[in-house]
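> Take this structure first; my questions come after.
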Amino acid sequence: MKEIVLKLSEAENVLREWFEAGIAFNLIFGPLHFRKESGLVHLRKCLAKIPLALRPQYYDILEKAFSPRHNILDILFRNNYDYDSLMLRGQLYAYAECLTKNYPKMPLKLLLTAAATPHSVLEPKKIIHAYYKVRTELERNSRQKLNITIVDPTLIALCKLVSERQLTSNLVDIEYGNPQGKMTPFRIHSFDLFTNKYRRLSNEKFSLDQVHGHFISIAHKLALGRDPLNEVSHPLLKDKKYTQWAPILHALCRKHENSSQVEYYKKYSKKFPLKYKHEFDSNSINHQIEKLNKRYCSLFRFLKPSPENFSQNQRNALKTTPPEVMQKMIVYHMIMFYFSLIKNAAWYIKVRDFMISLKMSYPQDYASKLFAFSSGDECMDDTLYNSFNEIFSANPVGLFPWMFSGLLPEPMELMTHYFSNKKNKDIEHIDKKTSPLEILI
């Protein structure tokens, strides 16, 4: 993409989205000093030490490691390596783990762009330079009603940031199965969030229902071609004309470089058009820094949420739901589950036969074996393991293997529970009885 032509009537709205994304990018990755401590710069330096001939191999490994479908540890240490390779992979893993703790899930390309500081095209100072450049062109062309031609590398990078959904596309990955009539089964990957491995590592005192729902919602929006970031609160350029964007961009640059008012003025006052010199007013910039902090918090809650980010009311929604409504929700979802199995009866018969064999071989801990097979923790040359891989590699319903371990009731058990004379309407009883089903709601 060498140039972009914007219609004058659309230019302001398009540019607003671009600059909003540029602000979000820099808030997410943090100021200059933090990037040097967070693992970003260390990862880039580590890659720079790799011989040129080997770099494509390691870039490919890291791209997979930062993909929602994979686990960093599994990718970096999947096979045996010589000592030097093992040492390098150990360093890469340490930096990658550090990045996952400090940042939301981002693609490798974006991480390396942020690590290229202070030479990245998305540096705040370059974003401000691009802003004044395109602003001057907008003011000139508005009098002649001409389109705007974009050739600035920073603006083109901002365009890609938005059009490719780079800030959110790596949060989830959707794996589609074979179409079945008007329906297509799919599975959502978000690193280990939806696997039993994540549940073992997470703090069990919290319910992850809301976190799961949050990422499912993100996947839905991405599948529809919408930008999930549009729903993050405290946007900074909303309802502002392009002539009003300067103070927030200056505040971003000052925050990024950790500069005082005097230092910032001395450094940049002569680098931008003289007619905009009044926009360096310290009071307006100081006011915007507080807004940047609010936006930063909103972005992190959205991109890297934890159960604590959701209100207690949300977490208690199931307990406050009327029993009749709860019953309908569960029955409706289970009917959908049963229909999926009926539609793929031949495959489900294989699953049932496999479960019978698994229970006979491991009567005491068949469920834990199923979880081990699912996460690949026991990659053994085992008949059952090979059978498991064969069955679930052709999974037509997109459901996780542990759902077939006996946690979900058979149709008659569900009918007996809800429609027999002994059914109990007490909300606590229903909540406890159906807890394994909550993930389906």
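Numbering (UniProt numbering), first residue to last: 1 to 441.
C-beta atoms are modelled at their ideal positions from N, C-alpha and C, and glycine is treated no differently.
These figures come from a predicted structure and were not determined experimentally.
Could you give the C-beta distance for Glu3 and Thr149, rounded to a whole number, given that I count them as a contact under 8 Å?
As a first step, residue 3 must be located in the sequence shown, where it is residue number 3. As a first step, residue 149 must be located in the sequence shown, where it is residue number 149. The pair is a contact, with the Cβ atoms about 6 Å apart (cut-off 8 Å).
> To the nearest angstrom, how far is the alpha carbon of Leu86 from that of Leu171?
Numbered from its first residue, the sequence shown carries residue 86 at position 86. Numbered from its first residue, the sequence shown carries residue 171 at position 171. For Leu86 and Leu171, the gap between their C-alpha atoms comes out near 28 Å.
> Taking 8 Å as the threshold, find out whether the stretch 213-224 comes into contact with the stretch 280-300 through three or more Cβ pairs.
The stretch 213-224 vs the stretch 280-300: no contact.
> Give the list of continuous alpha helix (DSSP H) stretches no shorter than 4 residues that lie fully inside the stretch 39-97.
Counting only runs of 4 or more, we get 40-48, 55-65, 72-76.
> Write down every uninterrupted run of the alpha helix (DSSP H) in the stretch 227-261 whose length is 4 residues or greater and which is fully enclosed by it, in chain order.
Listed in chain order, they are 246-257.
> Is Ser236 near Arg295, with beta carbons less than 8 Å apart?
Working through the sequence shown from its first residue, we reach residue 236 at position 236. Working through the sequence shown from its first residue, we reach residue 295 at position 295. In the sequence as displayed, the identity of residue 236 is Leu instead of Ser. For Leu236 and Arg295, yes; Cβs fall inside 8 Å.
> What is the C-beta distance between Arg69 and Asp192, in whole angstroms, given that I count them as a contact (C-beta under 8 Å)?
Start at 1 with the first residue of the sequence shown, and residue 69 comes out as number 69. Start at 1 with the first residue of the sequence shown, and residue 192 comes out as number 192. About 11 Å; that fails the 8 Å criterion.
> Which residues mark the beginning and the end of the alpha helix (DSSP H) in which Phe186 is found?
By one-based count along the sequence shown, residue 186 stands at place 186. Counting along the chain, Phe186 falls outside any alpha helix (DSSP H), though it belongs to the beta strand (DSSP E) covering 186-189.
> Going by DSSP, what residues sit across from Leu6 in a beta bridge?
Locating residue 6 in the sequence shown gives position 6, counting from the first residue. BP columns for Leu6 point to Ile148.
> With a Cβ-Cβ cutoff of 8 Å, do Thr168 and Leu222 count as a contact?
Indexing the sequence shown from 1 puts residue 168 at position 168. Indexing the sequence shown from 1 puts residue 222 at position 222. Yes, the pair counts as a contact, with Cβ atoms nearer than the cut-off.
> With three or more C-beta pairs closer than 8 Å as the rule, is the stretch 4-23 touching the stretch 49-58?
Per the Cβ contact rule, the stretch 49-58 is not in contact with the stretch 4-23 (fewer than 3 Cβ pairs under 8 Å).
> Starting from the Cα of Val162, find the closest Cα among Thr117, Gln180, Arg226 and give me that residue.
By 1-based counting over the sequence shown, the position of residue 162 is 162. Per the Cα distances, Arg226.
> Could you pull the start and end residues of the beta strand (DSSP E) that Tyr176 belongs to?
If you number the sequence shown from 1, residue 176 lands on position 176. Where Tyr176 is concerned, the enclosing beta strand (DSSP E) stretches over 173-176.
> Determine whether the beta carbon atoms of Leu122 and Val232 lie at a separation below 8 Å.
Mapped onto the sequence shown, residue 122 falls at position 122. Mapped onto the sequence shown, residue 232 falls at position 232. The Cβ atoms of Leu122 and Val232 do not sit closer than 8 Å to each other.
> Beta-carbon within less than 8 Å of Arg55's beta-carbon, same chain only, minus the 5 sequence neighbours each way: which residues are those?
For the purposes of this step, residue 55 is identified with residue 55 of the sequence shown, where counting begins at 1. Answer for Arg55: Leu47, listed in chain order.
> Take the Cβ of Ile128 as the centre, count every other Cβ of all protein chains shown within 10 Å, and call the residue buried at 16 or more, exposed below.
On the sequence shown, position 128 is the one that residue 128 refers to. Buried, because 16 or more other Cβ atoms sit within 10 Å of the Cβ of Ile128.
> Given that a residue counts as buried once 16 or more other Cβ atoms are within 10 Å of its Cβ, and exposed if not, what is Asn389?
In the sequence shown, residue 389 corresponds to position 389, counting from 1. Label assigned to Asn389: exposed.
> Helix, strand or coil: which one does DSSP assign to Gln180?
Taking the sequence shown and counting its residues from 1, one reaches residue 180 at position 180. Taken through DSSP and simplified to helix, strand or coil, Gln180 comes out as strand.
> To the nearest angstrom, how far is the alpha carbon of Val351 from that of Phe404?
Along the sequence shown, one-based indexing puts residue 351 at 351. Along the sequence shown, one-based indexing puts residue 404 at 404. Between Val351 and Phe404, the C-alpha separation is close to 8 Å.
> Can you give the beta carbon distance from Leu62 to Leu92, rounded, assuming they're within the 8 Å contact cut?
Residue numbering aside, residue 62 sits at position 62 when the sequence shown is read from its first letter. Residue numbering aside, residue 92 sits at position 92 when the sequence shown is read from its first letter. Leu62 to Leu92, Cβ: 7 Å. Contact.
> Are Tyr132 and Phe280 closer than 8 Å when you measure CB to CB?
Your numbering for residue 132 matches position 132 in the sequence shown. Your numbering for residue 280 matches position 280 in the sequence shown. For Tyr132 and Phe280, no; Cβs fall outside 8 Å.
> State yes or no: is the C-beta of Leu88 nearer than 7 Å to some heavy atom of the ligand PLP?
This structure does not include the ligand PLP; it has no bound ligands of any sort.
> Within 10 angstroms of the Cβ of Ile356, are there 16 or more other Cβ atoms? Answer buried if so, exposed if not.
Taking the sequence shown and counting its residues from 1, the one referred to as residue 356 is at position 356. Answer is exposed; the Cβ neighbour count stays below 16.
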